[in-house]
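Going by our numbering, the sequence shown opens with residue 4, and the numbers climb by one from there.
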Amino acid sequence: MEQRGLYQRYLNRFGWLCVAPSVFLFSLFMAYPILSSLYYVTRRWKGMANSFIGLGNFARMARDKVFQAALGHNFLFMAVQIPLMVFLALALAALLNQRIKRFRGPLRLALFLPSVTSLVVVSVLFRVLLQANGFLNNVLIGAGAIREPIGWLNDAAWAKVTIILAMTWRWTGYNMVFFLVGMQSIDPEIYEAAEVDGAPRIRQFFRITIPLLVPVILFSAVTSTSGTMQLLDEPNILTWQGGPANATMTAALYIYRQAFFVNADFGYATALSYVVVLISGLFAYIQMRLLGDNARSAR
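Structure below.
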């Protein structure tokens with residue numbers, strides 16, 4: 004019994020020794036930043052000096068028109084890009100699942116590749132395509148669709164369209180893979196029974212496929228919403244730091260600039276981050292309430 008107790012204590016110590024590196028890294032890079040943010044949010048930073056201001060950062064936020072406009076851009080991208088992306092991902096997944104049998108693997112890989120492509124490569128590609136004398140303008144002018152080149156990156160309205168196009172191109176294939184896996188997991192006998200009853204393919208898609216895919220659609224909507232609220236890379240690189248004239252400035256990019264460039268004020272950037280996190284959580288809660296009930300009823 005004594006030897007068994009010693010062996011058990013040895014196993015416990017060895018187990019803690021194995022998880023110690025993970026616990027240390029989690030504490031250093033996750034727990035400490037979260038806890039320290041509670042301190043930063045009440046401070047105003049000026050270089051190396053800081054002072055306690057309580058809720059002053061939140062009062063400053065209420066007067067910050069640029070941040071409010073940046074949040075509006077996030078909401079615009081969310082309202083337009085996410086439904087468009089989900090629709091295209093569903094359509095492509097349905098085509099690959101039912102219509103396209105040959106070359107399904109290469110096509111799936113080709114559609115998925117943009118999501119793992121370096122953003123620098125994506126930015127260079129879109130800048131070449133969308134220049135005033137770029138490929139897309141030349142094609143549109145040659146086809147007679149437009150008379151003058153479109154300022155995809157220089158005009159405020161078209162710059163927003165460019166961000167939406169870039170995000171849709173990059174993430175449609177990523178979500179398509181989830182939808183395709185969900186479609187392939189549906190029991191084929193359900194579709195066979197529907198065909199026996201005379202239901203056409205389009206009705207099967209809306210009455211069978213969509214309801215059974217609600218959990219996957221919920222996952223895609225929640226993760227896409229969270230990603231859109233954290234959108235930083237596309238406006239920072241593609242339209243050069245949220246230009247023109249902050250027309251594509253997003254909340255995450257504004258927080259990044261406030262923390263490291265404009266004022267180097269970690270306290271104010273932390274307060275802005277808390278608001279973005281709360282908004283993301285609120286949207287996730289609403290989506291789970293709206294789609295979660297449908298997901299449970301579809302089981």
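All C-beta atoms in this analysis are idealised placements derived from N, C-alpha and C, irrespective of residue type, glycine included.
Here the structure is a predicted model, which is why all the values come from computation and not from measurement.
- A contact is defined here as three or more CB-CB pairs under 8 Å, and the region 167-185 meets this definition with respect to the region 78-94.
- At the C-beta level, residue 221 and residue 185 stay beyond 7 Å of one another.
- Under the three-state reduction of DSSP output, residue 106 falls in the coil class, being neither helix nor strand.
- Contact between the region 220-237 and the region 265-283 is present: three or more C-beta pairs spanning the two stretches fall below 8 Å.
- Within the model, the alpha-carbon separation for residue 286 versus residue 228 is close to 7 Å.
- By the Cβ neighbour-count rule, residue 150 is exposed, with fewer than 16 other Cβ atoms within 10 Å of its own.
- The alpha helix (DSSP H) runs lying completely inside the region 104-186 and spanning 4 residues or more are 107-115, 122-132, 138-145, given in chain order.
- Pairing residue 265 with residue 218, the inter-Cα distance amounts to about 42 Å.
- Under DSSP, residue 29 takes part in no beta bridge, so it has no partner.
- Minimum Cα-Cα distance from residue 268 among the listed residues 69, 39, 47, 160 corresponds to 47.
- By the criterion of a C-beta distance shorter than 8 Å, residue 293 is surrounded by no residue of its chain, once the five residues flanking it on both sides are discounted.
- Only residues of its own chain outside the window of five on either side were considered, and among them 197, 202 have a CB closer than 8 Å to the CB of residue 210, listed in chain order.
- A distance below 8 Å between beta-carbons, with the five flanking residues on each side excluded, links residue 223 to the following residues of its chain, in chain order: 89, 92, 178, 181, 182.
- Note on residue 12: under 16 other CB atoms within 10 angstroms of its CB, so exposed under the neighbour-count rule.
- Approximately 5 Å separates the beta-carbon atoms of residue 73 and residue 257; this is inside 8 Å, confirming the contact.
- The beta carbon of residue 107 lies closer than 6 Å to those of 99 in the same chain, with the five residues before and after it left out.
- Just so you know, the alpha carbons of residue 16 and residue 242 end up roughly 53 Å apart.
- In chain order, 221, 225 place their CB closer than 8 Å to the CB of residue 291, counting only its own chain and leaving out the 5 sequence neighbours on each side.
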